[in-house]
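Residues 12 to 451 (our numbering) make up the sequence shown, in order.
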Amino acid sequence: MRILYCHRATIIMALLFTANAPAGPFLQVGIDKTDITPQKAMPLWGYSSRTDPFQGVYDPLYCRTLIFDDGVTKAAIVSLDLGRTPPGHWVDTIRAHAKAKYGIDSLLLCATHTHAAPNLGPDHAPHPWIKTVVDNIYLSIEKAQRRMQPAVFKTGQGSVDITYDRRVINEDGSVTMLWDNHEREFTHSVDQRIKVLQINNTQSQPIATLVHYACHPVISGNKNMRVSAEIPGVICSYVGEQIGGECLFLQGACGEINPYLAALLQQDKNAYSQLVEEAEKAAKEIVKIIQQAKPTVAEDYAIRYKDVPVSFGFRHALTDERLTKMLKTYFSEAQWEEISQPDYRMRTSLSLLMLGDTFAWAGFPGEFFDDFQVELADHSPVAHTFFVGYCNGYYAYFPTIQAAAQGGYGASWGLIAEAGAGEQFVDQAIIGLYQLLDKL
């Protein structure tokens, strides 16, 4: 079988309401979409060999904001059509500002991971455009907050076969990277589930659709010189047009997952229509899921949240040239003495957000292999748990221990974190969810 889960959509509906929420019987929800497409050309993100400024725009980039308010607590999910989130100190600034000005207690700042968006620059010296992005994030939060209204929820799940595992395990145990797979040959099972949260108002009119899927948005390839939101952007555009309201895309654990048509645009500059066609396969499945869904009742949707501190060491010694090259995008020369200490550890966190005991989002700051997404779903105490990658920070790849031992890009090179760091994150996420439910 090509995937882990059957292609026939399994629809699981959930309508949330509670009698004791101070805001009334319904959770309040607000949504916004703000254009963040740069006006001046600058280098694109995702490939170190591509350093020239972009030369045009296929489709716009957006900041999409979804706010929840239970009458006591507010939380927000912000999805950016970028390759990664802004550097960690900017994430801290954005979250603090959202709390101080808008009362947002918990904010998940996420990137869709498109490889056709501008490069934000090194963490210690970001590109000036980042200030424009941050200002638009604040604007989007403000607009979403002005649009709050009572909401009801439906959830659904299906799958679509547009992805593959780009790490091919050879008979001798070695790894060969298969960067594109236009023949759609099977390599290894990957998680191809699409998870959908449909949000309507009390008159059954669409407010927002939250889509979760795991796939590297790399159909454009490393020679593409035009801006694009890629697969996530096409999905959001199509679903918004067909269903109404706004669509917000959350990238999953796509560390080793590529689309079959990876790098198609660099081989055929006129192939943008094929990118759209491939992404719309997923979008059409999403529309089908939404159309079949019917609301049911859950007991509680009170907002709970938690940031869990996590630290990890480096995978290789600082004598490894590939590691030091990556670290120089995070640290200035003045910080080099500090990180050269033998006991130095990278310090970050994972972010947990829950609505009652029915919905949960776990935000992870990097590119996690998809086994972690499956593990979280299998062991989470919350029925509908979303593994959100590229969230509230970015620390490159987190492979499984097995993958780290096998090798390959993102497993033994192209990463910062020591083996076992990914398992630590997922274990802490599961523990944290149980703690939010007062079960630990």
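Glycine included, every Cβ here is placed at the ideal spot set by N, Cα and C.
Apply the 10 Å Cβ neighbour rule to residue i and answer buried if 16 or more other Cβ atoms are within range, or exposed otherwise.
i, result
"R326", "buried"
"N269", "buried"
"A111", "exposed"
"H199", "exposed"
"T76", "buried"
"E386", "buried"
"T174", "buried"
"Y224", "buried"
"R178", "buried"
"A371", "buried"
"Q302", "exposed"
"T330", "exposed"
"H124", "buried"
"S215", "exposed"
"A10", "Shown here, the chain extends from 12 to 451; a query on residue 10 therefore has no answer."
"G232", "buried"
"D43", "buried"
"A122", "buried"
"N192", "buried"
"G184", "exposed"
"S391", "buried"
"T220", "buried"
"K280", "exposed"
"P243", "buried"
"R315", "buried"
"R95", "buried"
"A328", "exposed"
"P64", "exposed"
"R333", "exposed"
"Q277", "buried"
"V83", "exposed"
Where DSSP assigns a beta bridge to residue i, which residues make up the other side?
i, result
"E257", "A219"
"I268", "D176"
"K317", "L363"
"Q262", "Y224"
"L2", "As shown, the chain starts at 12 and ends at 451. That puts residue 2 outside it, with no answer to give."
"V207", "G167, V222"
"T187", "V179"
"M337", "None, per the DSSP bridge assignment."
"F323", "M357"
"R237", "G67"
"Q160", "V40"
"N212", "A162"
"Y420", "W424"
In the DSSP assignment, the beta strand (DSSP E) including residue i goes from what residue to what residue?
i, result
"A282", "Premise fails: A282 is in no beta strand (DSSP E) and is neither H nor E."
Just to confirm the assignment, what range does the alpha helix (DSSP H) spanning residue i have?
i, result
"I148", "140–156"
"I230", "Here I230 belongs to no alpha helix (DSSP H), and DSSP marks it neither H nor E."
"D438", "432–447"
"E196", "Counting along the chain, E196 falls outside any alpha helix (DSSP H), and DSSP gives it neither H nor E."
"E344", "Counting along the chain, E344 falls outside any alpha helix (DSSP H), and DSSP gives it neither H nor E."
Given the structure, does residue i come close to the ligand MN, in the sense that its CB is under 7 Å from one of the ligand's heavy atoms?
i, result
"A127", "With respect to small molecules bound, the structure shown includes none, and the ligand MN cannot be examined in it."
- Query: Is there contact here, the stretch 42–57 with the stretch 128–148, by at least three beta-carbon pairs under 8 Å?
  - Reply: yes
- Task: List in chain order: all unbroken beta strand (DSSP E) runs of 3+ residues lying wholly within the stretch 360–407.
- Result: 370–374, 395–399
- Check whether the stretch 64–83 touches the stretch 231–240, taking contact to mean three or more Cβ pairs, one atom from each stretch, closer than 8 Å. yes
- Message: Does the structure place the stretch 269–281 close enough to the stretch 150–166 that three or more beta carbon pairs sit under 8 Å?
- Response: no
- Message: With three or more C-beta pairs closer than 8 Å as the rule, is the stretch 320–339 touching the stretch 287–295?
- Response: no
- Query: Counting pairs of beta carbons, one from the stretch 146–159 and one from the stretch 360–375, are three or more of them closer than 8 Å?
  - Reply: no
- Message: What ranges does the alpha helix (DSSP H) occupy inside the stretch 39–122, keeping only unbroken runs of at least 4 residues that lie completely in it?
- Response: 99–113
- Query: Using 8 Å as the Cβ pair cut-off and three pairs as the minimum, do the stretch 402–421 and the stretch 348–356 touch?
  - Reply: no
- Message: Taking contact to mean 3 or more Cβ pairs, one atom from each stretch, closer than 8 Å, check whether the stretch 419–426 and the stretch 112–129 are in contact.
- Response: no
- Message: If contact is defined by three or more beta carbon pairs under 8 Å, each pair taking one atom from either stretch, is the stretch 392–400 in contact with the stretch 366–383?
- Response: yes
- Taking one C-beta from the stretch 374–384 and one from the stretch 247–254 each time, how about it: are there three or more such pairs within less than 8 Å? no
- Item | Any 3 or more C-beta pairs closer than 8 Å across the stretch 254–263 and the stretch 201–217 | yes
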